[in-house]
Amino acid sequence: MRNKLIILTFALALSGTTLAQGGSDLQEIKVSIYPNPAVESIVVEFDRNLDNPEFELNSMIGNKLTIRPEEVGIGKYKIPVKELATGYYFLIVKDEEKRFRKAFKFLKH
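In mature numbering (1 follows the signal peptide of the UniProt record, and there is no 0), the protein residues as written are -20 to -1, 1 to 89.
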């Protein structure tokens, strides 16, 4: 139970936080994830294009899950979640080149 609490605390601390260095304007990058709750898939959309976005999906207990994001437009990605069990998940969006990292919680129905 303690590990779950630590993981949840860490994930919530990341949620809505952009990590950037070097005085860049990365804090202005807005990321939208919808629909929430999701049934078939979620869409991740950036207001500006990231150079090399990466996506990591974790269950509430911290298990890393394999996902296959599909680019469906400039700065827009679709991630299938149909096969996931019902529950809460954390999607981490990152771009190492721009030193961008942000976590989002969503519900899969």
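All residues carry an ideal CB built from backbone N, CA and C; glycine is no exception. Every value quoted in this text rests on a predicted model; they were computed, and no experiment measured them.
Residue i (DSSP reduced to helix, strand or coil)
| i | result |
| --- | --- |
| glutamate 8 | helix |
| arginine 48 | coil |
| glycine 53 | strand |
| arginine 79 | coil |
Those residues which DSSP pairs with residue i across a bridge
| i | result |
| --- | --- |
| glycine 67 | Lys88 |
| leucine 30 | Beta-bridge pairing links leucine 30 to no other residue. |
| proline 15 | Paired residues: none, contrary to the question. |
| isoleucine 41 | Paired residues: none, contrary to the question. |
Within 9 angstroms, strictly: CB atoms of residue i and residue j
| i | j | result |
| --- | --- | --- |
| isoleucine 9 | leucine 37 | no |
| isoleucine 59 | proline 49 | yes |
| aspartate 27 | glycine 67 | no |
| lysine 88 | lysine 82 | no |
| glutamate 76 | asparagine 32 | yes |
| valine 11 | glutamate 25 | yes |
Nearest-angstrom beta carbon gap, residue j and residue i [assumed within contact, 8 angstroms]
| i | j | result |
| --- | --- | --- |
| asparagine 16 | phenylalanine 86 | 5 angstroms |
| isoleucine 22 | valine 61 | 6 angstroms |
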